[in-house]
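>
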Amino acid sequence: MVSVPSSSSYSTPSTWHIFCKVVDNFGDIGVCWRLACQLAARGKTVRLWVDDVSALAWMAPDGYPNVTVMDCAQGIPLAPDGAAWWNWSDILVDTFGCDFAIDLIAIKTINTPATGQFDYINFIKQPVWLNLEHLTAERFAERNHTLPTIHRDGAAAGWTQHYFYPGFNDKTGGLLRETDLMARQQVFDRGAWLGQLLSLKQLAFDPNTRYISLFSYEPPALEALINQLANSQTSQSPTCLLVTAGRATAAVKTVLEHQTRLQPAYSLPRLLSIVYLDALTQHDYDHLLWSCDLNFVRGEDSLVRAIWAGKPFVWHIYQQDDGVHHAKLEAFLRMMEAPDSLKAMHRAWNVNATLDAAAPLPKLDLELWGQSALVLRQKLLAQRDLCSQLIDYAGEVQEKRLKS
Numbered sequence: 012m013v014s015v016p017s018s019s020s021y022s023t024p025s026t027w028h029i030f031c032k033v034v035d036n037f038g039d040i041g042v043c044w045r046l047a048c049q050l051a052a053r054g055k056t057v058r059l060w061v062d063d064v065s066a067l068a069w070m071a072p073d074g075y076p077n078v079t080v081m082d083c084a085q086g087i088p089l090a091p092d093g094a095a096w097w098n099w100s101d102i103l104v105d106t107f108g109c110d111f112a113i114d115l116i117a118i119k120t121i122n123t124p125a126t127g128q129f130d131y132i133n134f135i136k137q138p139v140w141l142n143l144e145h146l147t148a149e150r151f152a153e154r155n156h157t158l159p160t161i162h163r164d165g166a167a168a169g170w171t172q173h174y175f176y177p178g179f180n181d182k183t184g185g186l187l188r189e190t191d192l193m194a195r196q197q198v199f200d201r202g203a204w205l206g207q208l209l210s211l212k213q214l215a216f217d218p219n220t221r222y223i224s225l226f227s228y229e230p231p232a233l234e235a236l237i238n239q240l241a242n243s244q245t246s247q248s249p250t251c252l253l254v255t256a257g258r259a260t261a262a263v264k265t266v267l268e269h270q271t272r273l274q275p276a277y278s279l280p281r282l283l284s285i286v287y288l289d290a291l292t293q294h295d296y297d298h299l300l301w302s303c304d305l306n307f308v309r310g311e312d313s314l315v316r317a318i319w320a321g322k323p324f325v326w327h328i329y330q331q332d333d334g335v336h337h338a339k340l341e342a343f344l345r346m347m348e349a350p351d352s353l354k355a356m357h358r359a360w361n362v363n364a365t366l367d368a369a370a371p372l373p374k375l376d377l378e379l380w381g382q383s384a385l386v387l388r389q390k391l392l393a394q395r396d397l398c399s400q401l402i403d404y405a406g407e408v409q410e411k412r413l414k415s
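Numbering (the working numbering), first residue to last: 12 to 415.
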């Protein structure tokens with residue numbers, strides 16, 4: 012008979028295990044790394060289990076105290092002592108339904124000595140097991156937030172997993188936000204940082220230039236955007252387009268190659284300059300968002316960071332074959348109470364079909380969009396951040412089990 016842990020065993024220092032499957036575009040590992048660091052900043056010991064660690068080399072080259080990265084590209088290995096990686100007081104967090112935690116559970120199940128056979132259907136003895144879901148403003152996030160589900164078979168048979176939904180109101184788990192984020196923004200020197208960034212490309216910061224960051228997939232409207240920025244009739248001041256490494260850089264170069272094929276003598280008008288950036292750390296990407304007059308962002312992690320930047324932004328949502336991303340985008344625009352021109356820009360930026368490059372995009376109304384961004388940020392700052400809520404919820408689940 013295996014003894015049930017006492018309340019003191021739950022009060023001992025616990026380890027948070029975050030499980031991340033890198034699907035594409037590094038948004039998943041970006042979210043997981045931020046969560047791991049924010050947990051560690053609150054005094055937690057964290058293991059980040061990830062099946063592709065390569066992105067962390069440029070995203071977070073210095074690591075973070077009390078965060079250990081565990082490479083599980085070949086599966087979850089045995090612990091060095093041949094036992095298990097976790098204790099009853101630990102917290103298991105699958106992200107985006109990756110289900111890696113089941114492999115960790117299986118190791119514990121298989122390697123428990125026969126003299127103390129692991130009773131894995133004992134409700135009280137289970138570590139808290141959470142599934143951090145995708146961010147959405149759709150109503151189902153409110154309905155499903157913290158709902159439990161019981162696994163019926165496999166190594167995790169009898170285990171309870173709780174869904175945890177990030178979101179934009181107090182009926183959800185909130186958004187990731189460091190405790191000192193706003194304080195760091197207040198002392199940030201935009202001109203100095205941009206000057207240093209541009210100097211790497213032998214350029215200088217110009218306070219009269221409009222700076223726009225581009226982090227995107229391959230939007231059909233990209234050619235229309237470049238044409239608009241380069242057009243003296245639609246752009247009253249010089250614009251510098253700061254293009255992030257990877258897919259955004261490839262997309263811009265493809266557009267310019269197309270222009271050159273159509274017009275062999277084509278060159279960018281003097282009003283527009285394009286700078287291709289090297290891969291940025293998460294800290295430097297935040298600085299880029301804080302520095303620019305307009306930010307084009309993609310996926311979930313950069314959307315949240317753009318919100319905290321408080322600058323005008325346009326979101327390129329991750330497109331899905333069944334088209335459900337359209338409802339997700341509309342729910343977000345309703346939540347933020349976006350002005351009509353910003354809604355129109357988002358819809359144009361997220362269309363599937365190829366646009367006529369000559370078709371004009373909505374006017375970039377940065378003053379109005381900036382006001383909207385600040386209102387949204389202020390509203391969301393009033394809510395508790397995701398990391399704090401996650402810690403509290405895990406504690407509540409533990410306490411309920413001890414009292415059951």
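Beta carbons: idealized from backbone N, C-alpha and C, even for Gly.
With 16 as the cutoff for other CB atoms within 10 Å, does residue 108 come out buried or exposed?
Residue 108 comes out exposed.
> Checking 9 Å against the spacing of the C-beta atoms, do residue 62 and residue 47 come in under that value?
No, the pair does not count as a contact, with Cβ atoms beyond the cut-off.
> Check whether the segment 229 to 240 touches the segment 336 to 344, counting contact only when three or more Cβ pairs, one atom from each stretch, lie closer than 8 Å.
Result no; under three Cβ-Cβ pairs closer than 8 Å.
> Considering only residues of the same chain and omitting the five flanking positions on each side of residue 379, which have a CB-CB separation below 6 Å?
These residues qualify, in order along the chain: 350.
> Return the bridge partner residues of residue 142 from the DSSP annotation.
DSSP output for residue 142 lists 105 and 174 as bridge partner(s).
> In whole angstroms, what is the alpha-carbon distance linking residue 11 and residue 288?
Residue 11 lies beyond the residue range present for the chain, which begins at 12 and ends at 415; the question has no answer from this structure.
> In whole angstroms, what separates the C-alpha of residue 28 from that of residue 181?
Distance between the alpha carbons of residue 28 and residue 181: 25 Å.
> Taking 9 Å as the cut-off, decide whether the C-beta atoms of residue 417 and residue 396 are in contact.
Because the chain here runs from 12 to 415, residue 417 falls outside it and cannot be looked at.
> How long is the line joining the alpha carbons of residue 131 and residue 334, rounded to whole angstroms?
With a pLDDT of only 40 at residue 131, under 50, the local geometry of the prediction cannot be trusted, and no value is derived from it.
> Cα separation between residue 318 and residue 233?
Approximately 22 Å, taken between the alpha carbons.
> Report back the beta-carbon spacing between residue 252 and residue 223 to the nearest angstrom; my notes put them in contact at under 8 Å.
That pair is a contact at about 5 Å.
> For residue 383, does the count of other Cβ atoms within 10 angstroms reach 16, so buried, or fall short, so exposed?
That one is buried.
> Where does residue 83 sit, in a helix, a strand or coil, going by DSSP?
If DSSP states are grouped into helix, strand and coil, residue 83 belongs with coil.
> Quick one: using the 10 Å Cβ neighbour count with 16 as the cut-off for buried, is residue 18 buried or exposed?
Residue placement at residue 18 is flagged as unreliable, the pLDDT there being 41, under the threshold of 50; a coordinate-derived value is accordingly withheld.
> Is it a yes or a no for the segment 322 to 331 touching the segment 292 to 306, going by three-plus beta-carbon pairs under 8 Å?
Contact between the segment 322 to 331 and the segment 292 to 306 is present, because at least three Cβ pairs lie under 8 Å.
> Figure out for me which residue from 402, 327, 59 and 218 has the closest Cα to the Cα of residue 228.
Nearest of 402, 327, 59 and 218 to residue 228, Cα basis: 327.
> Give every residue of the same chain whose Cβ lies closer than 7 Å to the Cβ of residue 236, excluding the five residues on either side of it in the sequence, and list them in chain order.
Answer for residue 236: 372, listed in chain order.
> So residue 99 and residue 138 are supposed to be a Cβ contact under 8 Å. How far apart are they, rounded?
6 Å between Cβ atoms; contact.
> What are the partner residues of residue 287, as DSSP defines its beta bridges?
Answer is 254.
> Report the option in 163, 140 and 173 whose CA atom is closest to the CA atom of residue 156.
Comparing Cα-Cα distances from residue 156 to each of 163, 140 and 173, the minimum goes to 173.
> How many angstroms separate the CA atom of residue 133 from the CA atom of residue 82?
Residue placement at residue 133 cannot be trusted, given a pLDDT of 49 that sits under 50; what the coordinates show is reported in the next sentence. Looking at the two C-alpha atoms, the distance is approximately 30 Å.
> What distance in whole Å lies between the Cβ atoms of residue 312 and residue 42, which are believed to be in contact at a cut-off of 8 Å?
Confirmed, Cβ separation roughly 5 Å.
> If you measure from the beta carbon of residue 381 to each beta carbon in chain C, is any gap under 9 Å?
Structure shown: chain C not included; a single protein chain is present.
> Is it true that the CB of residue 57 sits closer than 9 Å to the CB of residue 67?
Against a cut-off of 9 Å, the Cβ pair of residue 57 and residue 67 comes out as no contact.
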